[in-house]
Each structure stands twice: as structure tokens, then as C-alpha cells.
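*Asks:*
In the numbering used here, the protein residues as written are 84 to 736.
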């Protein structure tokens with residue numbers, strides 16, 4: 084019996100040779116076993132269009148968009164189907180969406196240029212034609228890289244791009260694409276080096292310079308990012324794009340006055356620009372100016388009724404309650420079949436919060452589930468792969484590894500790692516400790532994750548980490564520790580200790596211990612049902628893909644507990660576990676317990692953490708500006724009828 088891959092290959096060959104009935108039959112054979120198979124749905128849609136079965140083609144595309152919402156080729160096919168039906172405007176919108184998700188689709192650019200030109204929209208046609216011509220000049224390898232990257236085949240894209248750059252080491256587009264791949268894989272130092280080099284080769288390439296600013300921000304080199312944004316702004320101080328970028332980078336360096344000034348300059352030219360209004364709202368929220376933030380978010384919605392980002396920003400304040408009119412407006416937008424993907428995601432999560440606040444738990448869960456389903460389809464997260472990755476930590480980071488390297492390390496005592504799962508109360512612990520005079524609160528620093536990525540090696544699809552930890556010398560481990568202290572100094576304000584609150588660092592406690600054995604590690608833990616359901620309800624800015632499904636988040640929590648038990652066994656006493664519910668029951672007792680572990684004297688300011696004036700960038704920013712409360716405790720219980728998959732996945736945890 085033919086495999087799925089064999090059936091699809093035969094179907095694609097049949098399409099290429101014009102045997103559409105045969106291609107459709109093979110695609111249907113695949114769909115009989117798996118009705119959401121994206122590749123088979125695409126083949127079936129193309130075959131049906133050529134056979135004149137336009138309604139069947141549309142049905143296949145609807146299923147394909149649900150399964151793979153950002154698949155550019157599917158939207159290109161939607162454009163071809165609209166043309167077959169004589170719907171030029173619908174086709175133009177579909178082709179535009181296709182190139183937004185995959186800029187290497189030459190046919191979509193060509194059709195945009197043709198349709199826009201026919202409609203007398205000369206500027207739009209010229210822009211699309213320029214993109215088509217740009218693709219025509221690119222080496223075929225780089226077009227393939229762009230396609231693979233857009234369609235989620237990151238490792239294949241990396242393989243082709245590296246091969247191309249061996250023969251063309253100064254090709255800036257190749258360097259830019261490899262940097263983009265590095266960002267996808269979390270290899271931020273490589274991405275920075277590539278873009279810095281590319282900008283040196285082509286200093287007038289605006290896209291390269293914008294990408295370079297982005298990677299510097301991702302590496303949390305905020306001062307450097309701001310310097311680059313300042314240079315762009317100086318080259319054209321009236322350019323709203325450059326003003327907006329500089330505003331964002333100014334905000335990251337703590338210069339909120341400059342950020343607000345620049346945002347206002349953009350709004351003077353574009354008074355109803357929803358993206359700028361929303362960004363300004365985010366800045367105001369970070370500074371604790373909630374009412375001003377709300378007014379900007381509402382202005383963004385007034386300017387663009389389907390601007391899901393602003394609706395979700397209101398929901399993400401955690402303290403905002405939507406009116407009846409706002410709830411109805413969101414429901415109307417979600418009912419639109421042509422709503423953009425991320426607007427639908429944002430609105431789904433916002434509707435979940437709106438219904439939850441009203442006690443409408445069935446409607447709330449349905450909205451949260453829709454948002455999570457969309458994100459899960461986008462991220463293609465694999466719980467099996469994560470379980471295997473964490474099992475490798477338990478297998479390879481055994482006691483003998485730490486005995487072998489017992490005398491090789493960097494002796495800095497400065498870092499305090501607060502880790503665990505997101506939504507477990509880590510921001511509260513950070514705010515408590517950052518209120519101490521000897522502790523700086525920083526950010527969720529990417530340095531440990533970036534080091535782990537570097538240690539994986541450069542061979543696509545293969546990881547040397549964590550096995551490579553056995554092969555490192557004492558000098559290498561000490562150097563990694565020294566680099567961590569040096570690279571994170573930029574985030575500190577002069578206190579002797581500082582906090583790194585990256586939750587996912589729990590995966591790398593073995594690495595942390597090897598390079599910084601005098602660092603302190605606090606495991607922020609919360610009741611599993613509260614923690615997991617809170618994660619399920621949260622739309623994260625990036626990362627945390629495991630939260631977008633009840634089974635996925637439950638398995639992740641269970642794997643986390645198992646790995647933490649392992650660290651407790653091989654590194655006894657190394658980690659202080661702080662249970663969120665214990666903090667709620669006894670704030671002073673748990674605060675004293677943490678300070679004793681850190682070797683710090685008690686300070687009353689830690690109990691008045693909500694009065695501490697510091698920028699907080701996580702989803703809990705408004706909550707930690709209030710005295711201790713139990714608003715989130717037991718929030719899962721009204722949803723219990725819908726959480727069977729979560730309970731099953733949690734198992735013993």
C-alpha cells in the first residue's frame with residue numbers, strides 16, 4: 084500500500100502533467116486517513132479548480148486555511164480561484180495576503196501588479212511589479228530558502244542558505260536570510276554578526292538596517308539598537324517609520340519622554356495610525372499609566388475596527404472590563420470570513436477574557452480554544468519533541484557530570500535566576516526581590532538560551548547539546564560564565580545582585596550550574612491547574628508555543644516537574660522552590676525565606692513591592708502594581724467541564 088508521501092508525490096506529478104482527476108483521486112486517498120492534511124488539501128484545491136469544481140475547491144481551501152492559516156501558497160490559490168470566478172478585488176486581497184506570508188511567490192506579485200494596473204492603481208501596481216522584478220534577479224537558491232522559511236522548513240532553509248553562502252560569502256540577501264533563520268532558531272549572536280557584516284557591505288540598504296535594529300533589540304542590546312535607530316532617524320527625521328522605530332528603541336532604554344515625543348510626531352502626520360496608537364499604549368502601560376494606555380488603545384480601535392492587537396492589549400491589562408458595545412463589536416469582527424489571521428487570534432483571546440469576566444464560561448472557553456487552535460496551527464509545536472529534549476537533560480546531566488567539573492567555573496555570585504513556567508508567579512517574586520536595595524530587576528534575559536543554542540552546533544537537524552557538556556574544558560565553562568556576567572551588565576543599575584527572569588531557563592539548570600555555580604536559582608511554582616490554564620488563556624508576544632493546547636501545556640508542566648525532580652536529585656539544595664500559594668498565604672514569611680537563601684538582610688520595601696517604581700514588561704505588569712491578592716487562584720474551576728484533556732495530560736503532576 085502506498086505511503087502518504089508516495090501518494091502526494093504521485094498526485095503532484097499528475098497535476099504537473101495535466102491529469103487533474105488522477106491527482107485529485109490520490110489527494111483524496113490521503114484525506115481519507117487524515118482530513119486536515121495541508122499538502123493534500125492544497126493539491127485537491129488546485130485539481131478541483133482546474134476541473135471547474137469551484138465550490139469543491141473553495142471548500143478544500145477553507146479547511147486548508149483552518150489547518151495552516153499562514154500558508155502563502157494556499158492564499159495564492161485563493162487568488163486564482165477568485166479570478167476563475169471573476170472576482171478581481173477578492174483575488175487582489177488574496178494575492179496580497181499570500182505575499183505577506185511568503186514573499187517569494189512570484190505569481191502572486193505578478194497578479195497583484197496586473198489587477199492593480201487594470202484598476203488604475205498605478206502606485207500599487209508599480210510596487211508589486213518591483214517586487215516581482217526583484218525576485219527575478221535573486222539566485223534560485225535564495226528563492227528556495229525564502230519558500231522553505233515561509234513554509235516552516237527552517238532546517239532545510241538553513242542547509243540551502245549555508246551552502247549558497249559558501250560560494251557567495253558577501254551576498255547580503257543570503258546573509259539577511261541566514262540571519263532571519265538564526266532568529267527563528269534562537270541563534271541570536273550569529274544573526275547579529277551576519278546583519279552587522281551585511282550592513283557594512285551595503286550601508287544604504289534600509290531593510291538590512293531595520294533588520295539589524297531588530298536583532299539588536301532581540302539580543303537586548305538596547306543602547307546599540309537605539310544608536311542604529313538614531314542614525315536612521317538622522318538620515319530622514321521626518322520619516323514616520325524611522326520616528327516609530329526610534330520611539331520603540333527609546334522606550335527600551337527607559338527614555339519614555341523621548342518615546343512619547345516621537346510617537347506624537349508620528350501621530351501628527353498619521354493621526355489615526357492604529358499601530359502607532361497601540362505602540363504608544365504599550366509604552367504608557369509599561370510606565371504604569373493605565374488610563375492613558377486605555378485611551379490610546381480605544382483610539383486605535385476607533386481608527387480601525389478590526390485592530391485585534393488593541394483589543395487584546397485591553398484584555399491583557401487584566402484589570403479592564405469590556406462594555407456590551409465592545410463585546411458586540413468584537414463578536415461582529417470575528418464573524419467576518421475575511422478577517423486577517425492575527426486580528427482573529429487577538430480578538431479570540433480578548434473575547435475569551437470578556438466572556439470570562441461576565442461569568443459566561445462556555446462562551447469564554449470557546450473563544451480561548453479558537454485562539455489557541457489558530458496559534459497551534461501556526462507554530463506546529465511538537466509535545467513529543469519537547470518531551471524527548473527534556474529527557475535528554477535527565478539522561479546526560481547526571482551527577483558524574485557535575486563531579487567532573489566541580490572545580491571549573493566562574494565564581495560570580497551576582498545572578499539570581501527565577502525560572503519555571505510562565506504565569507507561575509515569577510513576576511511577583513521578581514518584583515518583591517527587585518524592591519530590595521541590593522537587587523536589580525532586569526528582564527527575561529536570552530543569554531542562557533542563546534548559549535544552549537550555540538552548544539547545539541551548526542549542523543542542521545542535529546544537536547550536540549547537552550551531550551557536549553561532557554566534552555567542554557574547565558576554561559571553556561569559566562569563559563561562558565564570564566561572558567554571561569559581561570553581557571548582562573548593560574541591564575543592571577549598580578546593585579550587587581541582579582535577576583534573570585527567563586522562565587525557560589529551567590531546561591538548562593545543569594548548564595547554569597556548570598558555568599555559574601555561585602548563582603542563586605529560584606523555582607517559581609504554582610498549582611498545576613491554575614498555572615496551565617492561565618498559560619492557555621495567555622497570548623504570548625513570542626515563544627511559549629507549548630501553551631496553545633490543553634494537552635500540550637499539561638504535558639509540558641508534567642515534563643517540567645520531572646526535570647526539576649532530577650535537578651533536585653543531582654544538585655541537592657541548589658534550587659529554592661517557592662510555591663505561589665505559599666506567597667499568597669504568608670508574604671512576609673516567604674520573602675524572608677527567599678532573602679535568607681540569597682544571603683540578604685530583610686527590608687520592609689520587599690513587602691511593599693507594589694509601590695516600587697520600575698518598568699514591568701510582562702503580562703503581569705498591572706497585577707504586580709497592586710497589593711497581594713488571590714484574584715487568579717482557582718480561576719480554572721468554573722471551566723472544569725472543558726478541561727479533561729488538561730487533567731489527563733498532567734497525570735501525576
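Yeah, the Cβ is synthetic: ideal placement off N, Cα and C, and Gly gets one too.
On a Cα-Cα basis, can you pick out the residue from 423, 373, 153 and 462 that is closest to residue 404?
*Replies:* To locate residue 404, count along the chain shown from 1; it is residue 321. Measuring from the Cα of residue 404, the nearest candidate turns out to be 373.
*Asks:* Check the C-beta distance from residue 262 over to residue 277 and give it rounded, since I have them as a contact under 8 Å.
*Replies:* As a first step, residue 262 must be located in the chain shown, where it is residue number 179. As a first step, residue 277 must be located in the chain shown, where it is residue number 194. Contact flag correct, Cβ pair sits at about 4 Å.
*Asks:* Under the rule that 16 or more other beta-carbon atoms within 10 Å means buried, what is residue 197, buried or exposed?
*Replies:* As a first step, residue 197 is located in the chain shown; it is residue number 114 there, counting from the start. Classification for residue 197: buried.
*Asks:* Take residue 294 and list the residues in its own chain whose beta-carbon comes closer than 8 Å to its own, dropping the five residues that flank it on each side.
*Replies:* The residue labelled residue 294 in the question sits at position 211 within the chain shown. So the list reads 259, 262, 263 and 278, once near-sequence residues are dropped.
*Asks:* Check whether the Cβ atoms of residue 398 and residue 436 sit closer than 7 Å, and answer yes or no.
*Replies:* Here residue 398 refers to the residue found at position 315 when the chain shown is read from its first residue. Here residue 436 refers to the residue found at position 353 when the chain shown is read from its first residue. Against a cut-off of 7 Å, the Cβ pair of residue 436 and residue 398 comes out as a contact.
*Asks:* Could you pull the start and end residues of the alpha helix (DSSP H) that residue 477 belongs to?
*Replies:* For this step, residue 477 is matched to residue 394 along the chain shown. Looking at the DSSP string, the run of the alpha helix (DSSP H) that includes residue 477 is 466 to 479.
*Asks:* Locate the alpha helix (DSSP H) running through residue 298, then write down its first and last residues.
*Replies:* For the purposes of this step, residue 298 is taken as the residue at position 215 of the chain shown. Counting along the chain, the alpha helix (DSSP H) containing residue 298 begins and ends at 289 to 301.
*Asks:* Going by DSSP, name the residue or residues bridged to residue 581.
*Replies:* Position 498 of the chain shown, counted from the start, is the residue given in the question as residue 581. Per DSSP, 498 and 523.
*Asks:* Go ahead and pull the three-state DSSP assignment for residue 155.
*Replies:* On the chain shown, residue 155 is found 72 positions in, with the first residue counted as 1. Reduced to three states, the DSSP call for residue 155 is helix.
*Asks:* Helix, strand or coil: how does DSSP classify residue 659 here?
*Replies:* Locating residue 659 in the chain shown gives position 576, counting from the first residue. Here residue 659 sits in strand by DSSP.
*Asks:* Please list, in chain order, all residues of the same chain as residue 550 whose beta carbon is under 7 Å from its beta carbon, the five residues on each side excluded.
*Replies:* Counted from its first residue, the chain shown places residue 550 at position 467. Cβ neighbours of residue 550 beyond the five flanking positions: 479.
*Asks:* Just how far apart, CA to CA, sit residue 677 and residue 525?
*Replies:* On the chain shown, position 594 is the one that residue 677 refers to. On the chain shown, position 442 is the one that residue 525 refers to. When rounded, the distance between both Cα atoms is 18 Å.
*Asks:* Of all the options 492, 631, 222 and 302, which has the alpha carbon lying nearest to the alpha carbon of residue 464?
*Replies:* Translated into positions along the chain shown, residue 464 becomes position 381. When only C-alpha atoms are compared, the closest one is 631.
*Asks:* Classify residue 172: buried if its beta carbon has 16 or more other beta carbons within 10 angstroms, exposed otherwise.
*Replies:* To locate residue 172, count along the chain shown from 1; it is residue 89. Exposed, because fewer than 16 other Cβ atoms sit within 10 Å of the Cβ of residue 172.
*Asks:* Would you decide whether residue 448 is buried or exposed? Buried here means 16 or more other CB atoms lie within 10 Å of its CB.
*Replies:* The residue you call residue 448 lines up with position 365 of the chain shown. Buried.
*Asks:* Any chance you could list the alpha helix (DSSP H) runs of at least 4 consecutive residues sitting entirely within the region 592 to 632, in chain order?
*Replies:* Fully enclosed alpha helix (DSSP H) runs of 4 or longer: 592 to 598 and 611 to 620.
*Asks:* Can you say whether residue 89 is buried or exposed, counting buried as having 16 or more other CB atoms within 10 angstroms of its CB?
*Replies:* In the chain shown, residue 89 corresponds to position 6, counting from 1. Under this definition residue 89 is an exposed residue.
*Asks:* What are the start and end residues of each continuous alpha helix (DSSP H) run of 4 or more residues lying completely inside the region 372 to 420, in chain order?
*Replies:* Listed in chain order, they are 373 to 386, 391 to 399 and 407 to 417.
*Asks:* If we call anything under 7 Å between Cβ atoms a contact, is residue 658 one with residue 711?
*Replies:* Mapped onto the chain shown, residue 658 falls at position 575. Mapped onto the chain shown, residue 711 falls at position 628. Going by C-beta atoms, residue 658 is not nearer than 7 Å to residue 711.
*Asks:* Which word fits residue 429, buried or exposed, when buried means at least 16 other C-beta atoms lie within 10 angstroms of its C-beta?
*Replies:* Taking the first residue of the chain shown as 1, we reach residue 429 at position 346. Classification for residue 429: buried.
*Asks:* Tell me the DSSP secondary structure of residue 503 in three-state form.
*Replies:* Walking along the chain shown from the start, residue 503 turns up at place 420. Looking at residue 503 - three-state DSSP - the assignment turns out to be strand.
*Asks:* Please tell me whether residue 617 and residue 736 are closer than 7 Å, where the distance is taken between their beta carbons.
*Replies:* In the chain shown, the residue the question calls residue 617 occupies position 534. In the chain shown, the residue the question calls residue 736 occupies position 653. No.
*Asks:* With a cut-off of 8 Å on the beta carbons, I'd call residue 91 and residue 126 a contact; round off their distance for me.
*Replies:* Counting from one through the chain shown, the residue named residue 91 turns up at place 8. Counting from one through the chain shown, the residue named residue 126 turns up at place 43. Indeed, because the Cβ distance is near 7 Å, the residues count as touching under 8 Å.
*Asks:* Could you say which of 361, 407 and 371 lies nearest to residue 386 if we only look at CA atoms?
*Replies:* What you label residue 386 is simply residue 303 of the chain shown in a count that begins at 1. That would be 361, whose Cα lies nearest to the Cα of residue 386.
*Asks:* The alpha helix (DSSP H) spanning residue 689 covers which residue range?
*Replies:* Here residue 689 corresponds to residue number 606 of the chain shown, with the count starting at 1. Here residue 689 belongs to no alpha helix (DSSP H), and DSSP marks it neither H nor E.
*Asks:* Could you tell me whether the Cβ atoms of residue 498 and residue 606 are closer together than 7 Å?
*Replies:* As a working note, residue 498 is residue 415 in the chain shown. As a working note, residue 606 is residue 523 in the chain shown. Their beta carbons are not under 7 Å apart, which means residue 498 does not touch residue 606 by this criterion.
*Asks:* Given this structure, state the Cα-to-Cα distance separating residue 251 from residue 120, to the nearest angstrom.
*Replies:* Looking up residue 251 in the chain shown gives position 168. Looking up residue 120 in the chain shown gives position 37. Roughly 37 Å separates the two Cα atoms.
*Asks:* What does the alpha-carbon distance come out to for the pair residue 143 and residue 170?
*Replies:* Counting from 1 along the chain shown, the entry for residue 143 is found at position 60. Counting from 1 along the chain shown, the entry for residue 170 is found at position 87. So the two alpha carbons sit approximately 19 Å from each other.
*Asks:* What's the call for residue 573, buried or exposed, on a 16-neighbour Cβ count within 10 Å?
*Replies:* As a position in the chain shown, residue 573 is number 490, starting the count at 1. When all chains shown are included, residue 573 counts as exposed.
*Asks:* Which term fits residue 292, buried or exposed, when burial requires 16 or more other beta carbons within 10 angstroms of its beta carbon?
*Replies:* For the purposes of this step, residue 292 is taken as the residue at position 209 of the chain shown. Its Cβ being crowded by 16 or more others within 10 Å, residue 292 is buried.
*Asks:* Is residue 582 close to chain C? Criterion is C-beta to C-beta, closer than 7 Å.
*Replies:* No chain C appears in this structure, which consists of one protein chain only.
*Asks:* Report all residues from its chain with a CB closer than 8 Å to the CB of residue 726; omit the five preceding and five following residues, and keep chain order.
*Replies:* In the chain shown, counting from the first residue as 1, residue 726 sits at position 643. Cβ neighbours of residue 726 beyond the five flanking positions: 612, 616, 633 and 719.
*Asks:* Out of curiosity, what's the CA-to-CA distance linking residue 662 and residue 629?
*Replies:* Along the chain shown, one-based indexing puts residue 662 at 579. Along the chain shown, one-based indexing puts residue 629 at 546. In a straight line, the C-alpha of residue 662 is about 22 Å away from that of residue 629.
*Asks:* Just curious, the alpha helix (DSSP H) that residue 444 is in, first and last residue?
*Replies:* Position 361 of the chain shown, counted from the start, is the residue given in the question as residue 444. Looking at the DSSP string, the run of the alpha helix (DSSP H) that includes residue 444 is 444 to 462.
*Asks:* Does the distance from the CB of residue 514 to the CB of residue 692 come in under 7 Å?
*Replies:* Mapped onto the chain shown, residue 514 falls at position 431. Mapped onto the chain shown, residue 692 falls at position 609. Yes; because the gap between Cβ atoms is below 7 Å, this pair is in contact.
*Asks:* So residue 322 is in the alpha helix (DSSP H); what residue range does that whole segment cover?
*Replies:* The residue given as residue 322 occupies position 239 in the chain shown. No alpha helix (DSSP H) contains residue 322, which DSSP labels as neither H nor E.
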